[in-house]
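Chains as they are written, first to last, in the numbering used here: chain A, 46 to 342; chain B, 6 to 278; chain C, 9 to 390.
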Amino acid sequence: MNRDDLWRRFVIVTPYLWLLMFFLIPFGLVLKISFADPIVAMPPFTSLFDFNKAPGESFYATLDNYRFLLKDDLYRISYLKSLKIAFFSTCLCLLVGYPIAYAIARASPVWRNMFLFLIILPFWISFLLRVYAWMGILSTNGVINNLLLSIGLIEQPLQLLYTDFSVYLGIVYSYLPFMVLPLYATLAKLDFDLNDAAADLGAKPLTVFRDVTLPLSIPGIISGSLLVFIPALGEFVIPALLGGLDSLMIGRTLYDEFFGNRDWPLASAVAIILLLMLVVPMMVFQHYQLRETDQRE
Amino acid sequence: MNRQRSTFLITILCFGYAFLYIPIVMVVIYSFNDSRIVSVWGGFSFRWYLQLLENRQIIEAALLSLRIAFVSATVATALGTLAGLALARMGRFRGRILFTGMIAAPLVMPEVITGLSLLLLFVSLQDLVGWPGGRGAATITIGHITFSMAYVAVIVQSRLMSLDESLQEAAMDLGGRPFRVTLDITLPIIAPALLSGWLLAFTLSLDDLVIASFVSGPGASTLPMWIFSKIRLGVTPDINALATVIITIVSLGVVIAGWLMFRQEKQRQRDVQ
Amino acid sequence: MTQVSPAQSAEKPAWLDPATKPFIRVEGVTKNFNGFTAVDNVDLEIYQGELFAILGGSGCGKTTLLRILAGFERPTSGRILIDGADMTAVPPYERPVNMMFQSYAVFPHMTVEKNVAYGLKKEGAPKAEIQTRVKEMLELVQLDGFAERKPHQLSGGQRQRVALARALVKRPKVLLLDEPLAALDKKLREHTQFELMNIQDQIGVTFIVVTHDQDEAMTLATRIAVMQAGRFIQCGTPKEIYEYPVNRYVADFFGTINLFEGTVSRVEGEGMEVECGAIDAMVKAKSFETIQPNTRLTIAVRPEKISITKEPPDHNDKSVLKGVVWDLGYHGNLSIYRVKTDSGVIVQVSAQNRIRSAERVLEWDDVVYLSWDVQSSVVLTE
Numbered sequence: 046m047n048r049d050d051l052w053r054r055f056v057i058v059t060p061y062l063w064l065l066m067f068f069l070i071p072f073g074l075v076l077k078i079s080f081a082d083p084i085v086a087m088p089p090f091t092s093l094f095d096f097n098k099a100p101g102e103s104f105y106a107t108l109d110n111y112r113f114l115l116k117d118d119l120y121r122i123s124y125l126k127s128l129k130i131a132f133f134s135t136c137l138c139l140l141v142g143y144p145i146a147y148a149i150a151r152a153s154p155v156w157r158n159m160f161l162f163l164i165i166l167p168f169w170i171s172f173l174l175r176v177y178a179w180m181g182i183l184s185t186n187g188v189i190n191n192l193l194l195s196i197g198l199i200e201q202p203l204q205l206l207y208t209d210f211s212v213y214l215g216i217v218y219s220y221l222p223f224m225v226l227p228l229y230a231t232l233a234k235l236d237f238d239l240n241d242a243a244a245d246l247g248a249k250p251l252t253v254f255r256d257v258t259l260p261l262s263i264p265g266i267i268s269g270s271l272l273v274f275i276p277a278l279g280e281f282v283i284p285a286l287l288g289g290l291d292s293l294m295i296g297r298t299l300y301d302e303f304f305g306n307r308d309w310p311l312a313s314a315v316a317i318i319l320l321l322m323l324v325v326p327m328m329v330f331q332h333y334q335l336r337e338t339d340q341r342e
Numbered sequence: 006m007n008r009q010r011s012t013f014l015i016t017i018l019c020f021g022y023a024f025l026y027i028p029i030v031m032v033v034i035y036s037f038n039d040s041r042i043v044s045v046w047g048g049f050s051f052r053w054y055l056q057l058l059e060n061r062q063i064i065e066a067a068l069l070s071l072r073i074a075f076v077s078a079t080v081a082t083a084l085g086t087l088a089g090l091a092l093a094r095m096g097r098f099r100g101r102i103l104f105t106g107m108i109a110a111p112l113v114m115p116e117v118i119t120g121l122s123l124l125l126l127f128v129s130l131q132d133l134v135g136w137p138g139g140r141g142a143a144t145i146t147i148g149h150i151t152f153s154m155a156y157v158a159v160i161v162q163s164r165l166m167s168l169d170e171s172l173q174e175a176a177m178d179l180g181g182r183p184f185r186v187t188l189d190i191t192l193p194i195i196a197p198a199l200l201s202g203w204l205l206a207f208t209l210s211l212d213d214l215v216i217a218s219f220v221s222g223p224g225a226s227t228l229p230m231w232i233f234s235k236i237r238l239g240v241t242p243d244i245n246a247l248a249t250v251i252i253t254i255v256s257l258g259v260v261i262a263g264w265l266m267f268r269q270e271k272q273r274q275r276d277v278q
Numbered sequence: 009m010t011q012v013s014p015a016q017s018a019e020k021p022a023w024l025d026p027a028t029k030p031f032i033r034v035e036g037v038t039k040n041f042n043g044f045t046a047v048d049n050v051d052l053e054i055y056q057g058e059l060f061a062i063l064g065g066s067g068c069g070k071t072t073l074l075r076i077l078a079g080f081e082r083p084t085s086g087r088i089l090i091d092g093a094d095m096t097a098v099p100p101y102e103r104p105v106n107m108m109f110q111s112y113a114v115f116p117h118m119t120v121e122k123n124v125a126y127g128l129k130k131e132g133a134p135k136a137e138i139q140t141r142v143k144e145m146l147e148l149v150q151l152d153g154f155a156e157r158k159p160h161q162l163s164g165g166q167r168q169r170v171a172l173a174r175a176l177v178k179r180p181k182v183l184l185l186d187e188p189l190a191a192l193d194k195k196l197r198e199h200t201q202f203e204l205m206n207i208q209d210q211i212g213v214t215f216i217v218v219t220h221d222q223d224e225a226m227t228l229a230t231r232i233a234v235m236q237a238g239r240f241i242q243c244g245t246p247k248e249i250y251e252y253p254v255n256r257y258v259a260d261f262f263g264t265i266n267l268f269e270g271t272v273s274r275v276e277g278e279g280m281e282v283e284c285g286a287i288d289a290m291v292k293a294k295s296f297e298t299i300q301p302n303t304r305l306t307i308a309v310r311p312e313k314i315s316i317t318k319e320p321p322d323h324n325d326k327s328v329l330k331g332v333v334w335d336l337g338y339h340g341n342l343s344i345y346r347v348k349t350d351s352g353v354i355v356q357v358s359a360q361n362r363i364r365s366a367e368r369v370l371e372w373d374d375v376v377y378l379s380w381d382v383q384s385s386v387v388l389t390e
């Protein structure tokens with residue numbers, strides 16, 4: 046093997062091995078352990094293969110964890126709630142993010158980079174602290190309640206924190222840049238002549254938006270929505286800090302199952318089902334990403 | 006008609022940026038609040054900052070976080086650059102589809118799953134080969150490398166895609182071997198992408214709570230873990246102060262980096278002309 | 009025989025007939041962008057059925073003027089009237105004007121048919137009518153059979169025809185065309201040029217074309233307005249502009265021209281003699297304006313108006329120069345000579361190759377005489 050081949054192999058194999066070791070194999074483990082029983086030991090689960098036993102009994106797998114997940118209301122509600130919150134907060138994000146992305150794309154080029162910079166800047170500031178910032182605003186003696194009380198609009202402080210409302214707000218706030226950036230990228234690429242052409246052919250401004258801008262920005266809408274929906278579905282920090290006891294999103298349930306009940310096999314099964322729920326949106330996302338790179342080539 | 010529209014767009018932007026920045030500004034303002042009850046204004050004071058300086062736990066957690074972030078960003082940049090090169094420059098190879106999948110998946114994988122799976126790996130490894138002996142800084146670093154190298158790979162790959170391949174072909178035509186060409190031609194050209202990849206990896210590591218919580222052991226508490234354990238119980242004034250310090254450092258860093266890049270870009274455009 | 013548009017059929021062209029009313033009137037239109045004047049107090053009258061070209065270099069304000077006509081820009085001051093109605097404040101979607109964009113702006117997410125039908129749908133035309141009109145229009149632009157294609161499946165020329173059909177199907181009173189041929193390659197450009205003229209001939213709609221290409225303007229247009237720095241500097245038929253340019257800019261813009269600066273030494277009625285120092289010669293010229301002796305002016309002479317001979321010409325009413333052949337180029341139908349006068353100035357001359365012969369009559373370094381008629385000297389006072 047000559048030196049050039051060696052270099053080529055090095056470039057491919059090094060990151061490949063790393064990802065196999067620390068990304069793919071761990072998933073195999075999650076899958077494996079989701080078929081095990083919890084025991085009080087370290088590690089706290091039974092092995093799939095036990096070579097100390099007789100050959101016929103050395104393999105042990107159980108579907109108990111999955112059966113339990115499907116039977117138990119807590120988990121079903123938790124999955125449905127996560128889906129609901131992720132879906133509606135994605136819609137809200139789109140409603141808030143679209144006008145912003147549109148306004149930036151239509152701004153003069155001198156300002157555009159500045160506006161984009163201001164969208165990205167909060168993203169660099171700790172996620173945890175940005176979520177925390179809302180706690181101070183929403184709590185019973187927080188900024189909003191104090192303001193409303195002082196102008197006499199309410200008599201009793203409103204319960205804003207630890208509700209579904211605060212979870213929605215937290216997700217929209219934290220993931221807004223993920224929505225705005227792909228939308229901006231699509232909108233900025235749009236040929237403004239198309240809008241002029243539609244107006245020239247008799248379409249009023251709103252009709253132009255409906256007939257031209259909106260359909261042509263669908264790729265941006267899809268990738269932005271997926272970039273919000275996917276992480277929101279498995280979100281842990283936001284429901285843990287802003288959500289009430291009843292807003293058990295699945296990420297938080299998994300965390301509690303793992304650290305609270307120390308039921309690793311069940312937590313693994315929770316993770317596998319969550320992953321199955323994400324497969325479709327992830328594949329759609331991948332499809333759009335690939336199409337994007339193909340177009341660039 | 007035009008003026009009306011631009012007023013409308015400016016209003017939207019104002020509301021959008023107010024939404025993004027008012028919570029952050031609030032934290033900063035209340036960090037100077039003398040009162041122990043966070044939301045009641047008790048006069049201007051630096052007392053929470055002074056208290057911060059005396060808190061050894063915070064300082065230790067911050068140092069640990071910085072150390073982990075530095076190491077993991079550096080390794081992730083190296084691995085991510087190789088991965089980006091493999092995707093953009095190495096053509097077809099066996100297992101390419103799996104490779105692309107493994108690069109893309111960490112970007113969208115819920116952190117709870119990544120964290121859980123890594124922990125199970127470490128536990129099993131310890132069981133099988135006795136390594137890692139315990140969980141702490143090392144395991145957190147490995148976790149951070151794994152998910153941030155995917156970001157670096159994507160950045161490097163897209164930069165390489167937009168790069169004219171003929172430059173490398175010219176270098177090879179002049180007798181450069183692939184390894185030297187990568188070192189002498191490709192890497193210097195994509196250096197800004199490497200820098201932003203490193204910065205992103207660094208920030209992602211500093212920011213991570215969930216993966217660290219899973220793969221950390223007793224005694225190793227990163228700054229986000231420490232903050233999280235504190236704010237789970239509610240708003241506290243010293244966290245406001247800490248948040249302000251972090252916000253200031255990050256904003257300054259980002260603004261300076263942005264300004265440098267802007268200047269470099271301008272210089273480049275001038276050179277082209 | 010196809011119907012011929014009124015502007016061309018009239019015994020007297022419409023713009024010379026005081027009885028004809030202009031169809032489009034641009035009255036004192038000015039457009040400022042943040043202190044920059046893109047269009048500066050422009051007046052223009054265009055008649056029904058004309059194919060009018062606005063010609064100028066980039067940044068001269070021609071596209072802004074076109075966008076004002078289409079309604080995308082509101083003029084800072086002035087009025088636009090189309091067919092007697094004031095259009096200044098009418099938004100683009102209510103104007104009887106359609107535009108063909110330089111980028112074509114064909115909707116990428118709609119089929120050819122949907123693109124062409126779009127304007128009619130917005131009008132609320134009945135379905136059956138939309139169908140027949142779209143079909144007719146696709147036939148006119150020779151795109152029948154492409155109705156179900158998406159724009160990315162079409163060639164550049166086909167996309168352009170979609171844009172044309174889409175604009176024409178609404179039967180606008182005026183069709184605006186922004187650099188209609190700029191994006192096409194040379195061969196297709198010539199073909200499309202004639203196709204555009206044909207279509208305009210058939211439907212008789214008034215066309216206003218914006219272009220930076222003087223050849224395009226010359227072939228297409230009934231009249232041309234030359235624009236520079238937001239103002240019209242000359243407006244006339246292609247022949248008028250070519251033969252009687254008003255200043256050096258226009259003269260230079262249209263084809264090649266030899267320019268000689270000089271001072272008027274003698275005036276006799278319309279005729280005059282101009283002493284051109286650089287070529288060391290007396291040039292004879294005529295002007296309808298009265299010009300005082302000692303005026304400094306420029307004489308412009310087209311290369312094809314100059315005859316090139318080995319012997320001195322015998323008519324003494326011609327302007328004559330003597331020089332040597334410095335360079336010559338064979339262009340098939342023409343030969344281009346670059347002649348260096350005794351004073352060192354290069355003069356360009358073109359001559360038709362009427363005789364088929366392997367041997368050239370004139371060779372490098374031959375001593376030659378250049379001469380031209382009084383009428384061929386264009387007097388430029390600006």
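For each residue, glycine too, the CB sits at the ideal point set by N, CA and C.
(1) I'd like to know if A/Asn-158 contacts chain B, where contact means its C-beta is closer than 9 Å to some C-beta of that chain.
(2) If we ignore side chains and look at the alpha-carbon of each, how far apart do B/Gly-120 and A/Phe-254 end up?
(3) So, at 8 Å on beta carbons, what are the nonlocal neighbours of C/Leu-146 in its own chain, with the 5 sequence-adjacent residues on each side left out?
(4) Find the residues of chain C that neighbour A/Pro-260, judging by a C-beta separation of less than 7 Å, and give them in chain order.
(5) On the three-pair Cβ rule with 8 Å, is the region 67-77 of chain C touching the region 214-224 of chain C?
(6) Under a three-way DSSP split, which group does C/Gly-337 fall into?
(7) Between C/Trp-372 and C/Ser-315, how many whole angstroms is the CB-CB distance? I'm expecting something under 8 Å.
(8) Taking the C-alpha atoms as reference points, what is the distance between C/Gly-132 and A/Leu-239?
(9) State the Cα-Cα distance for the pair A/Gly-279 and A/Ile-295, rounded to the nearest angstrom.
(10) Note the first and the last residue of the continuous beta strand (DSSP E) segment covering C/Tyr-377.
(11) Rounded to whole angstroms, what is the Cα-Cα separation between B/Ala-262 and A/Arg-175?
(12) Which residues does DSSP list as the beta-bridge partners of C/Lys-294?
(13) Touching or not, the region 91-102 of chain C and the region 250-267 of chain C, by the rule of three or more beta carbon pairs under 8 Å?
(14) Tell me which residue opens and which closes the beta strand (DSSP E) that C/Thr-186 is part of.
(15) A/Asp-49 versus chain B: which residues are under 8 Å apart at the beta carbon?
(16) Alpha carbons only, please: which of B/Ser-70, B/Gly-239, B/Ser-221, B/Leu-165 is nearest the one belonging to B/Leu-199?
(17) Using a Cβ cut-off of 9 Å (strictly closer), state whether C/Phe-109 contacts chain A.
(18) As a quick exercise: from B/Ser-70, B/Arg-10, B/Ala-23, pick the residue whose alpha carbon is nearest that of B/Asp-212.
(19) Using a C-beta to C-beta distance shorter than 9 Å, which residues of chain A count as neighbours of B/Tyr-280?
(20) List the residues of chain A whose Cβ lies closer than 9 Å to the Cβ of C/Gly-57, in chain order.
(21) Hey, is the region 174-191 of chain B in contact with the region 110-125 of chain B, meaning 3+ C-beta pairs nearer than 8 Å?
(22) Give a yes or no on whether 9 Å exceeds the smallest Cβ distance from C/Pro-320 to chain D.
(23) Identify each residue in the region 63-87 of chain C for which the Cβ-Cβ distance to at least one residue of chain A is less than 9 Å, and report them in chain order.
(24) Per DSSP, what kind of secondary structure is B/Arg-237 in: helix, strand or coil?
(25) Can you find a C-beta in chain B that's less than 9 Å from the C-beta of A/Glu-342?
(26) According to the Cβ coordinates, are A/Leu-74 and B/Ser-122 closer than 9 Å?
(27) For A/Tyr-248, go through chain C and note every residue whose CB falls closer than 7 Å to its CB, in chain order.
(28) Please work out which residues of its chain come closer than 7 Å, Cβ to Cβ, to C/Ala-175, disregarding the five sequence neighbours upstream and downstream, and give them in chain order.
(29) For C/Ala-113 and chain A, any beta-carbon pair shorter than 9 Å?
(30) Starting from the Cα of C/Ile-54, find the closest Cα among C/Arg-310, C/Lys-348, C/His-339, C/Cys-243 and give me that residue.
(31) May I ask which residues mark the beginning and end of the beta strand (DSSP E) holding C/Ala-87?
(32) What did DSSP end up calling C/Ile-207 once you bin it into helix, strand or coil?
Short version:
(1) Taking the first sequence and counting its residues from 1, one reaches residue 158 of chain A at position 113. Yes, its Cβ sits closer than 9 Å to a Cβ of chain B.
(2) Counted from its first residue, the second sequence places residue 120 of chain B at position 115. Counted from its first residue, the first sequence places residue 254 of chain A at position 209. Going from the Cα of B/Gly-120 to the Cα of A/Phe-254 covers about 43 Å.
(3) Residue mapping note: residue 146 of chain C aligns to position 138 of the third sequence, counting from 1. Excluding positions up to five away in sequence, the list reads Val-120, Glu-121, Val-124, Asp-152, Phe-154, Ala-155, Ala-173.
(4) The residue given as residue 260 of chain A occupies position 215 in the first sequence. Residues of chain C passing the Cβ test: His-117.
(5) yes
(6) In the third sequence, the residue the question calls residue 337 of chain C occupies position 329. In this structure, C/Gly-337 counts as strand in the three-state DSSP scheme.
(7) As a first step, residue 372 of chain C is located in the third sequence; it is residue number 364 there, counting from the start. As a first step, residue 315 of chain C is located in the third sequence; it is residue number 307 there, counting from the start. 19 Å between Cβ atoms; not a contact.
(8) Counting from 1 along the third sequence, the entry for residue 132 of chain C is found at position 124. Counting from 1 along the first sequence, the entry for residue 239 of chain A is found at position 194. So the two alpha carbons sit approximately 20 Å from each other.
(9) Position 234 of the first sequence, counting from 1, holds the residue named residue 279 of chain A. Position 250 of the first sequence, counting from 1, holds the residue named residue 295 of chain A. If I take the Cα positions, the gap works out to 6 Å.
(10) One-based indexing of the third sequence puts residue 377 of chain C at position 369. 375-380 is the extent of the beta strand (DSSP E) around C/Tyr-377.
(11) Sequence index remark: in the second sequence, residue 262 of chain B carries index 257 (1-based). Sequence index remark: in the first sequence, residue 175 of chain A carries index 130 (1-based). Roughly 21 Å between the two C-alpha positions.
(12) Working through the third sequence from its first residue, we reach residue 294 of chain C at position 286. Partner(s): C/Gly-279.
(13) no
(14) Translated into the one-based positions of the third sequence, residue 186 of chain C becomes position 178. The sequence given here has Asp at residue 186 of chain C, not Thr. 182-186 is the extent of the beta strand (DSSP E) around C/Asp-186.
(15) Looking up residue 49 of chain A in the first sequence gives position 4. Going along chain B in sequence order, the residues near A/Asp-49 (Cβ under 8 Å) are Arg-182, Pro-183, Phe-184.
(16) Within the second sequence, residue 199 of chain B is the residue found at index 194, counting from 1. Minimum Cα distance to B/Leu-199 is reached at B/Leu-165.
(17) As a working mapping, residue 109 of chain C is identified with position 101 in the third sequence. For C/Phe-109, the answer is yes, since a Cβ of chain A falls inside 9 Å of its Cβ.
(18) Here residue 212 of chain B corresponds to residue number 207 of the second sequence, with the count starting at 1. Here the closest residue by C-alpha is B/Ser-70.
(19) No statement about residue 280 of chain B is possible, as the shown extent of chain B runs from 6 to 278 and does not include it.
(20) Numbered from 1 along the third sequence, position 49 holds the residue referred to as residue 57 of chain C. Here the premise fails: no neighbours, minimum Cβ distance about 21 Å.
(21) no
(22) Reference to chain D is not applicable here, since the protein chains of this structure are A, B and C.
(23) Arg-75, Ala-78, Gly-79, Phe-80
(24) For the purposes of this step, residue 237 of chain B is taken as residue 232 along the second sequence, with counting starting at 1. In the structure shown, B/Arg-237 sits in coil (DSSP, three-state: anything other than H, G, I, E or B).
(25) The count along the first sequence starts at 1 and reaches residue 342 of chain A at position 297. Low confidence applies here, because A/Glu-342 scores a pLDDT of 41, under 50, leaving its location unreliable; read the following figure in that light. It does; some Cβ of chain B falls within 9 Å.
(26) Reading the first sequence from its first residue, position 29 is the one you call residue 74 of chain A. Reading the second sequence from its first residue, position 117 is the one you call residue 122 of chain B. Yes, they are a contact pair.
(27) What you label residue 248 of chain A is simply residue 203 of the first sequence in a count that begins at 1. The amino acid occupying residue 248 of chain A in the given sequence is Ala; Tyr does not appear at that position. Here the neighbours are Tyr-101, Lys-130.
(28) As a first step, residue 175 of chain C is located in the third sequence; it is residue number 167 there, counting from the start. Closer than 7 Å at the Cβ level, and outside the excluded window around C/Ala-175, lie Asn-106, Met-107, Met-108, Leu-183.
(29) For the purposes of this step, residue 113 of chain C is taken as the residue at position 105 of the third sequence. With 9 Å as the cut-off, C/Ala-113 counts as an interface residue toward chain A.
(30) As a position in the third sequence, residue 54 of chain C is number 46, starting the count at 1. Comparing Cα positions, the closest option is C/Cys-243.
(31) On the third sequence, residue 87 of chain C is found 79 positions in, with the first residue counted as 1. Correcting the residue type first, residue 87 of chain C is Arg in the shown sequence and not Ala. From DSSP, the beta strand (DSSP E) with C/Arg-87 extends over 85-90.
(32) Counting from one through the third sequence, the residue named residue 207 of chain C turns up at place 199. Correct three-state label for C/Ile-207: helix.
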